[in-house]
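Trainee: FYI, in my numbering the residues of the sequence shown are 2 to 347.
Cβ coordinates follow ideal geometry from the N, Cα and C atoms, glycine included.
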Amino acid sequence: MVSNATTFRCKIKNLDTLLRVLIDGKSANLEHNEIDCEGVKISSIENQSGILIHVAENVAVNKPIQIVSAIQTDKPLKLNQHFKIILEKNASLTLLHCDDSLQKEQSDIHNHVEISLAENAHLNYYKMENKAAASVLTNQILVHQKAFSQFYSNVITFNAGKVNNLLHVHLNESFADAQLNGLYLVDKQQAICNEVKVWHHAPNCTSRQLYKGIVDDEARTTFNGHIIVQQDAQRTAAFQINKNIALTDEAHIRTQPFLEIYADDVKCSHGATVGQLDENALFYLRSRGICQKNARMLLMFAFANEVAQTVKIQALSERLSQMIQQRLKGELHICSQCALHCEQKP
């Protein structure tokens, strides 16, 4: 059994993070002040399970902060966790947030994530999910952005029981920008819903969404994408795309991209696709001597890896590409390691 955060060490080459660990909702860190940058506060939220991260004005955090939320209880568990991320004016931060199951026991976890970005603040938010089949995970992420702020997110689901990712972004002041990416790889009886809503409240803001999924066996996926452009949000640029591959006739994919526009000077588009692997591409690869299994694997990897390639940390992008390959081969399962390949030290 994992007893404290000192047992976790990230093995991703060239990736150094400030690590905070929650085990069954309780902080496991022994070094609460392990911060090498002035102006950064990481603390537990009083009377709640969760973490507060506050970055002061004009502070650029030079290491990613990594939160590992691990469930290891051998009994059914229901848990609410709260995470607050506050970036003051001109602050910048990269945050990795991992949800993992260390046991296969039933769990119902609800994450409340509140993100506040002041003027010209920059946040890169990476969310990794590797959960047991008996788990239920709900992520409710609320983002408020002020002028010239930038929010980049990438939500990747490798394994799931039932997952609900609710991402709501409010672009409250001019020239705010949001880039929202996601990938889900599900099979068996797994189910995932991604709900992405972006409110354009002010003029000259931009948002882009790219979500992709590969669905096997009898898995079920839902994508609800909604862009709302308010009347005063002139010169908005908002784009949304959701692409899916169904590997079986029993796979269930539901996608609903939607635009709600009340301004007249905008550039907006949306689109969704549901299909199977390209037979012409398969034939081409087979004609070059590649077997059917490997040809399918190459096409699936090329499709999914586009999302991993948007990750701005090279070491993490390379590791995610490896994990995608493992997952597509059926080699990545929930285990006693975190989704970012941490190891347990004796």
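Around the Cβ of Q146, are there at least 16 other Cβ atoms within 10 angstroms (buried) or fewer (exposed)?
Mentor: Result: buried.
Trainee: Is DSSP giving V312 helix, strand or coil here?
Mentor: Residue state, collapsed to three classes: coil.
Trainee: So, for T139: in the same chain, excluding its five sequence neighbours on each side, which residues have a beta-carbon less than 6 Å away from its beta-carbon?
Mentor: Excluding residues within five positions, the ones whose Cβ falls inside 6 Å are H111 and N165.
Trainee: How far does the beta strand (DSSP E) with V275 in it reach, from first residue to last?
Mentor: Note, V275: beta strand (DSSP E), V267 to G276.
Trainee: Give me the Cβ distance between Q241 and I228, rounded to the nearest whole Å; I'm assuming they're in contact under 8 Å.
Mentor: Yes, Q241 and I228 are in contact; Cβ-Cβ is about 6 Å, under 8 Å.
Trainee: Quick one: using the 10 Å Cβ neighbour count with 16 as the cut-off for buried, is E130 buried or exposed?
Mentor: By the 10 Å Cβ count, E130 comes out buried.
Trainee: Can you check the region 213 to 273 for any beta strand (DSSP E) of at least 3 residues that lies completely inside it and give the ranges in chain order?
Mentor: Entirely contained in the region 213 to 273, the beta strand (DSSP E) runs reaching 3 residues are, in chain order, 221 to 230, 237 to 247 and 253 to 262.
Trainee: May I have the straight-line CA-CA distance separating V22 from D101, to the nearest angstrom?
Mentor: V22 and D101: Cα-Cα distance of roughly 11 Å.
Trainee: Would the region 253 to 272 and the region 289 to 308 be scored as touching if the rule is three or more Cβ pairs under 8 Å?
Mentor: They do not touch, by the three-pair rule.
Trainee: Quick check on DSSP: helix, strand or coil for K147?
Mentor: K147: coil per DSSP, three-state reduction.
Trainee: Are there any heavy atoms of the ligand COA lying less than 7 Å away from the beta-carbon of Q231, as far as the coordinates show?
Mentor: Within the structure as shown, the ligand COA is missing, as the structure has no ligands at all.
Trainee: If you count every other CB in all the chains shown that lies within 10 Å of the CB of N195, and 16 or more means buried, which is it?
Mentor: With 16 or more other Cβ atoms within 10 Å, it is buried.
Trainee: Just verifying my parser: in three-state terms, what is the DSSP assignment at E32?
Mentor: In this prediction, E32 scores a pLDDT of 48, lower than 50, which makes its location untrustworthy; the coordinate-derived value is nonetheless stated afterwards. The answer is coil: DSSP assigns E32 none of H, G, I, E or B.
Trainee: At what residue ranges does the region 148 to 177 contain a whole run of the beta strand (DSSP E), taking only runs of 3 or more?
Mentor: 151 to 160 and 163 to 172, all fully within the region 148 to 177.
Trainee: To the nearest whole angstrom, what separates the beta carbons of I254 and A247, a pair I think is in contact under 8 Å?
Mentor: With 8 Å as the limit, I254 and A247 qualify as a contact, their Cβ atoms being about 6 Å apart.
Trainee: Output yes or no for whether 8 Å exceeds the beta carbon distance between K90 and E58.
Mentor: Against a cut-off of 8 Å, the Cβ pair of E58 and K90 comes out as a contact.
Trainee: Assuming A71 is part of the beta strand (DSSP E), what are its boundary residues?
Mentor: Start and end: I66 to I72.
Trainee: Under 8 Å, with one C-beta from each stretch per pair, do the region 189 to 207 and the region 160 to 179 reach the 3-pair mark?
Mentor: With the cut-off at 8 Å, the region 189 to 207 and the region 160 to 179 touch.
Trainee: Looking at H201 and L181, is the spacing between their C-beta atoms short of 8 Å?
Mentor: For L181 and H201, no; Cβs fall outside 8 Å.
Trainee: Take Q235 and list the residues in its own chain whose beta-carbon comes closer than 7 Å to its own, dropping the five residues that flank it on each side.
Mentor: Result list for Q235: P204, A264 and D266, in chain order.
Trainee: Which partner residues of M129 appear in the DSSP bridge assignment?
Mentor: C99 and I157, per the DSSP bridge assignment.
Trainee: Give me the Cα-Cα distance between K85 and Q277, rounded to the nearest whole angstrom.
Mentor: Using only the alpha carbons, I get a separation of about 40 Å.
Trainee: Tell me whether A282 sits in a helix, a strand or coil according to DSSP, three-state version.
Mentor: Residue state, collapsed to three classes: helix.
Trainee: Less than 8 Å between the C-beta atoms of Q67 and L19, yes or no?
Mentor: Yes; because the gap between Cβ atoms is below 8 Å, this pair is in contact.
Trainee: Quick one: Cα of H98 to Cα of P65, how far?
Mentor: For H98 and P65, the distance between alpha carbons rounds to 10 Å.
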